[in-house]
Structure formats: C-alpha cells, structure tokens
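Q:
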Amino acid sequence: MIVGLTMIYLINPPVAEIMKELSNWLTSMGEVNAIVLGAIIGAMMCIDMGGPVNKAAYTFSVGLIASQVYTPMAAAMAAGMVPPIGMTVATWIARNKFTVSQRDAGKASFVLGLCFISEGALPFVAADPIRVIISSVIGGGGGWCDFNGIKYYLTSSARRIICHSICV
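Numbers 7 to 174, taken from the numbering used here, label the letters of the sequence shown in order.
1) In the DSSP assignment, find the unbroken alpha helix (DSSP H) run with Ile-5 in it and report its ends.
2) Alpha carbon to alpha carbon, what distance is there between Thr-97 and Lys-103?
3) Is the segment 116–124 in contact with the segment 62–78, if contact means three or more CB pairs nearer than 8 Å?
4) What residue range does the alpha helix (DSSP H) around Ala-62 cover?
5) Between Ser-29, Ala-45, Ala-100 and Met-51, which lies nearest to Gly-69 when the distance is taken from Cα to Cα?
6) From what residue to what residue does the alpha helix (DSSP H) around Gln-108 run?
7) Are the CB atoms of Gly-48 and Ala-85 nearer to each other than 8 Å?
8) Measure the alpha-carbon distance for Ser-142 versus Leu-11 and round it to whole angstroms.
9) Check for me: the alpha helix (DSSP H) holding Met-51 runs from which residue to which?
10) Does the Cβ of Ser-34 have 16 or more other Cβ atoms within 10 Å, making it buried, or fewer, making it exposed?
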C-alpha cells in the first residue's frame with residue numbers, strides 16, 4: 007500500500023508533467039518536420055528498448071493515429087524492430103565477435119523483432135551497453151530520415167538494419 011500511494015502521489019505527478027510536455031513538443035513539430043519527428047521517435051524507440059522512453063514514443067504515435075497522422079507510427083514501428091533484428095544480423099555477419107550463447111540469443115531476437123518486441127536485444131545490451139545502445143539509436147533514428155525522406159520503405163528498412171549491424 008505504501009508503494010502504491012508513493013507511486014500515485016509522489017512519482018506520478020512529475021512523470022505525467024514530463025510526458026505532457028514531451029507530447030506537446032512532439033505535436034508542435036507537425037507535418038513540416040516529419041523527418042525530424044520520425045528521427046526523434048525512432049531514437050526514442052531504441053534508446054531503452056521497451057522502457058519508459060520507448061513507451062512514451064509509442065503512446066504518442068498511437069495517439070496520432072486517431073487524427074489520421076500516420077508518419078509517427080510508421081517511425082515507431084520501423085525503429086522498434088531495428089535493435090533485435092539488427093543484433094541478429096550482427097550475429098550472422100560477425101559470428102566470431104559473439105559467444106555461442108549470444109548467437110543463440112540472436113536467433114530468438116530475430117523472432118522477437120519480427121513481432122515488434124524490442125526487448126530481444128536486451129541480452130546484447132547487458133553484454134555491451136554503450137555500443138549496442140548507440141548503434142540502435144543511430145539505426146532507429148538516423149535510418150528513419152532515409153526511410154521517410156525518399157518514401158521507399160522496403161529498401162530503406164533493410165538498409166537501416168544492415169547499417170545497425172555494421173555499427174555493432
């Protein structure tokens with residue numbers, strides 16, 4: 007009960023205010039800055055792989071679907087798959103840089119990535135957080151600029167995943 011009351015009265019108000027300000031900032035970017043907005047959402051989706059920043063970006067993107075603004079959701083979906091699928095591709099390309107257990111985790115990570123579950127990359131984050139998080143953010147955020155900029159979705163998605171794998 008103490009934990010619940012602490013969450014409701016001490017933690018929830020400042021977190022709700024932060025989320026409201028974040029949502030207002032992202033909304034103010036509008037369609038004019040779609041590439042920048044997509045890059046920010048993509049980076050947010052990859053920075054903590056299923057954590058609160060990821061959930062904030064996803065919730066914002068889902069909220070805009072009701073207004074028939076689909077670009078942020080496309081960015082969130084594409085970027086959310088980058089870390090797990092990218093780590094799988096990295097285990098295929100650079101087998102000698104990964105342990106046997108990491109290569110096995112890469113197989114599971116691929117399936118999770120196809121299901122839009124970014125937590126499949128967490129075993130790799132635990133092993134090498136700096137390189138994995140940085141390459142994921144670059145792959146998810148930077149790759150979106152190309153993805154949205156040329157409107158050529160399939161080629162760009164594959165290119166982003168390959169670039170993420172090379173960065174790792």
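C-beta atoms are modelled at their ideal positions from N, C-alpha and C, and glycine is treated no differently.
A: This is what the structure gives:
1) An answer regarding residue 5 cannot be provided, because it is not within the stretch 7 to 174 covered by the chain.
2) Spanning the two alpha carbons is a distance of roughly 8 Å.
3) Output reads no: the segment 62–78 does not touch the segment 116–124.
4) Run containing Ala-62: 58–71, per the alpha helix (DSSP H) assignment.
5) That would be Ser-29, whose Cα lies nearest to the Cα of Gly-69.
6) Per DSSP, the continuous alpha helix (DSSP H) segment holding Gln-108 begins and ends at 106–120.
7) Contact flag set, yes.
8) Roughly 36 Å separates the two Cα atoms.
9) 40–53 is the extent of the alpha helix (DSSP H) around Met-51.
10) Taking every protein chain shown into account, the CB of Ser-34 has fewer than 16 other CB atoms within 10 angstroms, so this residue is exposed.
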